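Structure first, commentary second.
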Amino acid sequence: MAERVGIVAVAQTKYHPNRADVNEGELAWEVIKQVLQETGLTFCDDGNGIDSAVTCSEDFWDGRTATNNNVMSYVGAHLGVENKVTEDGINAIYCAMAQILSGHHDTVLVVCHMKESQADKSLVENAAMDAIFMRLLGMNFLTAAALQAKRLMYKYGVTVEQCAKVAVKNRRNAKNNPFAQEPMDITVEDVLSSRLLASPIRLLDTKPISDGACAMILTREEKARKLTAKPVWILGAANCYETHYLGDRDLAECDALVLAAKRAYSMAGVTNPLKELDVAEICEEHSYQELLWMEGLGFCGRGEAGRLIDAGVTQMGGQLPVNPSGGMLAGNPNHVGGMARVAEAVLQLRGEAGDRQVAGAKVALAHGVTGICGQHQCVMILGNK
Amino acid sequence: MGHRVAIVGVGQTHHRAKRPDVNMAEMVGEAVRAALADAQLRAKNVEAVFCGNMETFEGVYLPDHGMADEIGAFMRPGMKLASAGTTGSAVFAEAFNFVAAGLFRTALAIGFQKHDVGSAQAALATTVTPIWGRGASSGAIAEFAQQAQIYMRQSGAKEEHAAMVRLKADRGACRNPYAHLRLGLKSVDEVLKSGYLVWPIRLLDFCPQSCGATAAVIAVEEEAKKITRKPVWIADVVTVHQEPFRASSFGDPTGRETYSQDVAAERLYKRNGITDPRKDIDCAEVYEPSNWEEMMLYEHFHFCEKHKGWQLIEKGITEIEGEFPVNASGGVLATNPIGASPMNRIVETALQVRGDAGEHQVTRDVKTAVASALGSSNWTMLTLLKRSL
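Same order as they appear, the protein sequences are chains X and B.
In this text, residue positions in the first sequence follow this note's numbering: the first is 1, and each later residue adds one.
In this text, residue positions in the second sequence follow this note's numbering: the first is 1001, and each later residue adds one.
The following block contains the structure:
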């Protein structure tokens, strides 16, 4: 990249099971307001303010066609610029990055909102399934994930205990995260005795229903330095699609993630992620996913992630802490999940992560995932140097 | 500054009211294959895939995921975007950004909509706010009827003028093999005989619901020159939204409203040194859901003076053979797969710039062309294409 893009401000709401007190726009405004105040920027296209907005939300969850309408008034888009990404919010950041690197925009506001509480998760997810072969089976992302977890356990010998350890670690980490919805002190036994949702996934293996929003401001390198003493740079970013049909995939593999990670690492000059990364924030809607995605991200060989969690490599104080924030398991809405991972990575790199701070973090990885069994993967490498 | 980017291949489906022979993925695949064939590329030569539709119309969540294989996105980067009626243009704009940024050397931009599944007007009724707007929501036709009523009163345009817009659109559509409605209309009277939907909008004053998809392959300068002898350069893209809570985002009886179209045109012309649009631009494809909207767009885009749009159509200036051709393809009035409609405008202008529009190639030599998009509460996007930069 000829020029770098910097993130100059981030904000998250506290994630909550039901924000019946606000509508979608009001929820988004809570975080937009914060990043505007932090940077002192306003909306204008004279080169001194925010000249574009990329939003991320989804019609199915909002129950409204063209959900940009929910937020456009809050992102300065009256007689201004806005566009909406419908994958996970991390892709909206990627999009904003392209807008800036293209020279077409200078300073871009990115915002993602979601109120899972007001929709039926299972129905929405079922509507993503192929209509002929999969939808009529009544599948949703949870039942599909159960197939993936089973396949992972069968092929690589990952155990339910190892998955439970992820849930224990992340919910405990969440106790240090003021934005987390479900900080908990639980044990592996608690996870394994919680209600079975879709074998082998249990209640504590999966993320709760969650409402929340996340916003950030991205700008060109030179402006970023002026706006903040602690800019965070996007060193690499890439995304990738898998095929849709579960029967066409080996669900124990995650080739799209491998490819996205490879591209992002090569842009950022990362050759040994386990050594070179200081902290990783990974989207794990279910506990097994953290293990599977860790392998896809090349933190270890195939089938070895279980050993990493057993050895405590990914816990706070370990060689590569994964999800100090508590991850999605501690409560993030879909679509916001990946963007929240970037926000958390930014806080780590600014040294502003409070009790969940990884000391001296210089390079961080954020990961976002959209769709059935991780069909669409996005990886972003961030740094503070 | 970003890299120069050109359109190197375009493709569209033959638009129809119903496509029971294909599912959504297969239909979109037709446009993708057509665009790749036009660029003489294989799917593996395209580095990223961007697509978009309005997903509540078909009732498919994450539709890009279901069709990843058919659109060449398998093991490829890309994403789906959605921006109401402007979606096709928004997808194109972001693909353009990614290539201009140097993140990809080539990319596919795809717009699609399969109107024979789901219910577009029911979905459209949820565009407005659930508290203030939904009780009065009526889909698209009533909005454009209100706008047409105000326009009639303010400009003195007659229903005959609206009928002339349909005649022009139909003449274009009959010469465009991809167009949906090809009616072979002979006279204004035939249009005026069609029944009112909402006064003054008649059945033939309004766009149809079409099934279709459109795709464009774009490439960075160095690649573009290798791929084609006729690259169409993307000079600029402008996006301007308008507030949904304004009482009259489409038609304002008070005359005080600032319209996104005016702002968009002003920005585009200023940035690109266009002082006399009818001279500096050689043809336009505008997004006109109704006959009336086309006449209003002439005015908003400064193709003529305020309240004189109907005179352009009366004098035949915007005909295919006219001095300033608009919607030679038949436009949205003839063909409206919503998620693809703005992409159709871009692709049709690209064909005009290349001189490859076939029977509906305009008489004027097209070096510069503009494509517009319209969506939601009167949002506008403009894309400026050129034969050389």
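Glycine included, C-beta positions come from ideal geometry on N, C-alpha and C.
Here the structure is a predicted model, which is why all the values come from computation and not from measurement.
In this structure residue 1051 of chain B touches residue 1112 of chain B by the C-beta definition: roughly 7 Å separates them, less than 8 Å. In the displayed model, residue 1010 of chain B falls within a strand according to three-state DSSP.
Identification of residues in the region 1359-1378 of chain B having a C-beta nearer than 9 Å to some C-beta of chain X yields 1375, 1376, 1377, given in sequence order. With respect to residue 1307 of chain B, residue 371 of chain X sits apart: the two C-beta atoms are not nearer than 7 Å. Taking residue 1188 of chain B as reference, the option from B/1179, B/1177, B/1202 with the minimal CA-CA separation is B/1202. Look at residue 1386 of chain B here: in three-state DSSP terms it is strand.
Considering only beta carbons, the part of the region 218-242 of chain X lying closer than 9 Å to chain B consists of 237, 238, 239, 240, 241, 242, in chain order. In the structure shown, residue 1090 of chain B adopts helical secondary structure according to DSSP, grouped into three states. Annotated three-state conformation of residue 346 of chain X is helix, per DSSP. Of all residues in the region 348-363 of chain X, none places a beta-carbon less than 8 Å from a beta-carbon of chain B.
In chain order, 1170, 1174 place their CB closer than 8 Å to the CB of residue 1184 of chain B, counting only its own chain and leaving out the 5 sequence neighbours on each side.
The beta strand (DSSP E) runs of length 3 or more contained entirely in the region 72-119 of chain X are, from start to end of the chain, 82-85, 107-115. Taking 7 Å as the CB threshold, residue 1244 of chain B lines the interface with chain X. Ranked by Cα distance from residue 286 of chain X, the first of X/40, X/330, X/77, X/137 is X/330.
Sorting X/70, X/209, X/373 by C-alpha distance to the C-alpha of residue 247 of chain X places X/373 at the top. In the DSSP annotation of this structure, the continuous segment of the alpha helix (DSSP H) that includes residue 288 of chain X starts and ends at 287-296. Residue 56 of chain X: member of the beta strand (DSSP E) spanning 52-56, first to last residue. Between the alpha carbons of residue 1143 of chain B and residue 82 of chain X lies a gap of roughly 23 Å. Scanning its chain for C-beta atoms nearer than 6 Å, with the 5 sequence neighbours on each side dropped, one finds around residue 228 of chain X the residues 8, in chain order. No Cβ-Cβ contact shorter than 7 Å links residue 292 of chain X with residue 101 of chain X.
In the three-state scheme derived from DSSP, where H, G and I count as helix and E and B as strand, residue 214 of chain X is classed as strand.
Contact between residue 91 of chain X and residue 239 of chain X holds, with the beta-carbon distance rounding to 6 Å and staying under 8 Å. With a cutoff of 7 Å on beta-carbon distance, residue 1029 of chain B and residue 1058 of chain B are scored as not near each other.
Residues of chain B whose Cβ lies closer than 9 Å to the Cβ of residue 95 of chain X are, in chain order, 1079, 1081, 1094, 1097, 1098.
For chain X, the residues of the region 1054-1069 of chain B that bring a beta carbon within less than 9 Å of one of its beta carbons are 1054, 1055, 1056, 1057, 1059, 1060, 1061, 1062, 1063, 1064, 1065, 1066, 1067, 1068, 1069, in chain order. Under the three-pair Cβ rule at 8 Å, the region 116-131 of chain X counts as touching the region 206-213 of chain X. Those residues of the region 78-91 of chain X placed with their C-beta closer than 8 Å to a C-beta in chain B are 78, 79, 80, 81, 82, 83, 84, 85, 86, 87, 91, ordered along the chain. Secondary structure remark: continuous alpha helix (DSSP H) runs of at least 4 residues inside the region 1174-1201 of chain B, in chain order: 1188-1192.
Comparing alpha-carbon positions, the option among B/1250, B/1160, B/1269 lying closest to residue 1279 of chain B turns out to be B/1269.
When the Cα atoms are used, residue 1267 of chain B and residue 1281 of chain B turn out to be separated by approximately 15 Å. Closer than 7 Å to the CB of residue 1076 of chain B there is at least one CB belonging to chain X. Counted as a single uninterrupted DSSP element, the alpha helix (DSSP H) harbouring residue 1058 of chain B occupies residues 1055-1058. Inter-residue distance for residue 244 of chain X and residue 328 of chain X is about 23 Å (C-alpha atoms, whole angstroms). In this structure, residue 383 of chain X places its C-beta atom within 7 Å of the C-beta atom of residue 235 of chain X.
The continuous alpha helix (DSSP H) containing residue 1349 of chain B extends over residues 1341-1354. Along the region 259-270 of chain X, the positions whose C-beta sits under 7 Å from a C-beta of chain B are 259, read in chain order.
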